[in-house]
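Residue numbers (our numbering), protein chains in the order written: chain A, 36 to 227; chain B, 36 to 227.
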């Protein structure tokens, strides 16, 4: 941020009176430009048939992580709820109609100022197709999940949580939980 | 938003190519200025003694809702996690040291582009005091909660969820859950 979005005057990075951290402040109109984390919301679309569960993944047609696999998801928009964002992003990226269940995972990614959330979701049918931001969309059984080709650590962790809970549910040993986790950047990785 | 924060040129509100909703776009440098919901994170600081539970509330020293009671909370900052935000905001507003338990409630407030989250928290001691944004801070038993003097519907709903779960836990009939809820604005109320 270089200029005030209200009056076009250059901004300065300083700690406003009564505050305790640097903000972009306009020296002309005194507007303080706060910057806050964003929410990335998605779903875990599942299809159960013949005693097996499959999860719908999308192969990214955009950067970052072009060509890698991800759960459908994206930035939450103003004027919508977390669950509406999950349904919209799933529809946009995979063409899939889902019935949302509960909020399943919340993952902090502080180094990129993001919080990722994923809802459990049931595919209503198999009429899915790649949206503009996906190269392809397909169902994966547990054994076929491309663990080394996943786009982000939040996807990997959410899928791990899901299959752990799924095994418990199948064994009659509990229900799906709500999971929280922090992704902390490792020094030798250029991106999280 | 009137001017581009990158080059100071006036912005236009238009639907960018490949997008489906209006954004502020710079006609000079082509930067798209996305606007997204913010997270307000807080805690439900509890103190249990002699078989009774009390919740710490803060009376607001700032607008909106000056003079009304709230749970400690505020906007999540960049570079922090949801739980770190809950601890920081609790400390800033009430001076209280808390030990966080689980994430207890997530409430959508789409009309103001916010998602509110509250963690269950145990007060480590009774050394609390009003921070700069609070007029006073005190413990309330269930019977004394100032229901008609609460600052926001998300506070009211979170406290309702808490006392319902607390009653269940006391009756040996379950544990604290994770609750989600949407606050939908009523037409005849000027603020939510």
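Heads up, the beta-carbon is just placed ideally off N, CA and C, and yes, glycines get one too.
Q.
Distance cutoff 8 Å, beta carbons only. Does residue 150 of chain A sit that close to anything in chain B?
A. Within the first chain, residue 150 of chain A is the residue found at index 115, counting from 1. Residue 150 of chain A counts as touching chain B.
Q.
Spatial neighbours of residue 51 of chain A within its chain, please: C-beta separation below 8 Å, excluding the five flanking residues on both sides.
A. Working through the first chain from its first residue, we reach residue 51 of chain A at position 16. Hits under 8 Å: 58, 60, 67.
Q: Quick one: measure Cβ to Cβ for residue 108 of chain A and residue 77 of chain A, integer angstroms, because I've assumed they're closer than 8 Å.
A: Stepping through the first chain from its first residue, residue 108 of chain A is reached at position 73. Stepping through the first chain from its first residue, residue 77 of chain A is reached at position 42. With 8 Å as the limit, residue 108 of chain A and residue 77 of chain A qualify as a contact, their Cβ atoms being about 2 Å apart.
Q: Evaluate the contact criterion for the segment 108 to 123 of chain A versus the segment 149 to 159 of chain A: three or more CB pairs, one atom per stretch, below 8 Å.
A: Verdict: yes, contact present.
Q.
Check whether chain A comes within 8 Å of residue 43 of chain B, counting only Cβ atoms and requiring the distance to be less than that.
A. In the second chain, the residue the question calls residue 43 of chain B occupies position 8. True, the Cβ-Cβ gap to chain A drops below 8 Å.
Q: Specify, as a first and last residue, the run of the alpha helix (DSSP H) that residue 185 of chain A falls within.
A: To locate residue 185 of chain A, count along the first chain from 1; it is residue 150. Neither: residue 185 of chain A is in no alpha helix (DSSP H) and is coded neither H nor E.
Q. Are the segment 135 to 143 of chain A and the segment 198 to 213 of chain A in contact at 8 Å, needing three or more beta carbon pairs?
A. yes
Q) Distance, Cα to Cα, residue 169 of chain B vs residue 106 of chain B? A) In the second chain, residue 169 of chain B corresponds to position 134, counting from 1. In the second chain, residue 106 of chain B corresponds to position 71, counting from 1. If you take the alpha carbons of residue 169 of chain B and residue 106 of chain B, they lie about 11 Å apart.
Q. Grouping DSSP H, G and I as helix and E and B as strand, with all else coil, what is residue 225 of chain B?
A. Counting from one through the second chain, the residue named residue 225 of chain B turns up at place 190. Residue placement at residue 225 of chain B cannot be trusted, given a pLDDT of 49 that sits under 50; the coordinates are not used to answer.
(Q) For residue 45 of chain B and residue 74 of chain A, which I take to be in contact (beta-carbon distance under 8 Å), what is that distance rounded to the nearest angstrom? (A) The residue you call residue 45 of chain B lines up with position 10 of the second chain. The residue you call residue 74 of chain A lines up with position 39 of the first chain. Actually they do not touch by this definition, with Cβ atoms about 29 Å apart.
Q.
Only counting the same chain, and skipping five residues up and downstream in sequence, which positions put a Cβ closer than 6 Å to that of residue 132 of chain B?
A. Here residue 132 of chain B corresponds to residue number 97 of the second chain, with the count starting at 1. For residue 132 of chain B, where only same-chain residues beyond five positions count, the Cβ hits under 6 Å are 159.
Q.
Looking at the secondary structure, which residues open and close the alpha helix (DSSP H) in which residue 126 of chain A lies?
A. Against the first chain, residue 126 of chain A aligns to sequence position 91. Start and end: 117 to 129.
Q) Can you name the residues of chain C whose CB is closer than 7 Å to the CB of residue 215 of chain B? A) Among the chains of the structure shown, chain C does not appear; the protein chains present are A and B.
(Q) Could you tell me the alpha carbon to alpha carbon distance between residue 141 of chain A and residue 153 of chain A, rounded to whole angstroms? (A) Counted from its first residue, the first chain places residue 141 of chain A at position 106. Counted from its first residue, the first chain places residue 153 of chain A at position 118. Cα to Cα, the separation comes out at about 7 Å.
**Q.** chain B contacts from the segment 61 to 79 of chain A (Cβ-Cβ distance under 9 Å)
**A.** 68, 69, 70, 71, 72, 73, 74
Q.
Could you check whether the segment 90 to 101 of chain B touches the segment 179 to 194 of chain B, counting it as contact only if at least three pairs of C-beta atoms, one from each stretch, sit closer than 8 Å?
A. yes
Q) Who are the near neighbours of residue 226 of chain A in its chain, counting only those whose CB is closer than 6 Å to its CB and skipping five residues on each side? A) On the first chain, residue 226 of chain A is found 191 positions in, with the first residue counted as 1. No answer about residue 226 of chain A holds up, because its pLDDT of 47 lies below 50 and its placement is not dependable.
Q. In three-state terms, what does DSSP make of residue 199 of chain B?
A. Here residue 199 of chain B refers to the residue found at position 164 of the second chain. It is helical.
Q) By how many angstroms is the C-alpha of residue 156 of chain A removed from the C-alpha of residue 189 of chain A? A) Counting from one through the first chain, the residue named residue 189 of chain A turns up at place 154. Counting from one through the first chain, the residue named residue 156 of chain A turns up at place 121. Each residue's alpha carbon lies about 17 Å from the other.
Q) On the three-state DSSP scale, how would you describe residue 96 of chain B? A) Residue numbering aside, residue 96 of chain B sits at position 61 when the second chain is read from its first letter. Three-state DSSP puts residue 96 of chain B in coil, outside helix and strand.
Q: Would you list, in chain order, the members of the segment 154 to 182 of chain B that have their beta-carbon closer than 7 Å to a beta-carbon of chain A?
A: Under the 7 Å Cβ criterion, the segment 154 to 182 of chain B contributes 167.
Q. So with Cβ pairs under 8 Å, would you call residue 37 of chain B a contact of chain A?
A. Position 2 of the second chain, counted from the start, is the residue given in the question as residue 37 of chain B. Yes, its Cβ sits closer than 8 Å to a Cβ of chain A.
Q) Assuming residue 82 of chain B contacts residue 174 of chain B under a Cβ cut-off of 8 Å, what Cβ separation, rounded to an integer in Å, is found between them? A) By 1-based counting over the second chain, the position of residue 82 of chain B is 47. By 1-based counting over the second chain, the position of residue 174 of chain B is 139. About 6 Å separates the beta carbon of residue 82 of chain B from that of residue 174 of chain B, a gap short enough to meet the 8 Å contact definition.
Q) Can you tell me the Cα-Cα spacing of residue 196 of chain B and residue 96 of chain B, whole angstroms? A) Reading the second chain from its first residue, position 161 is the one you call residue 196 of chain B. Reading the second chain from its first residue, position 61 is the one you call residue 96 of chain B. One C-alpha to the other measures close to 26 Å.
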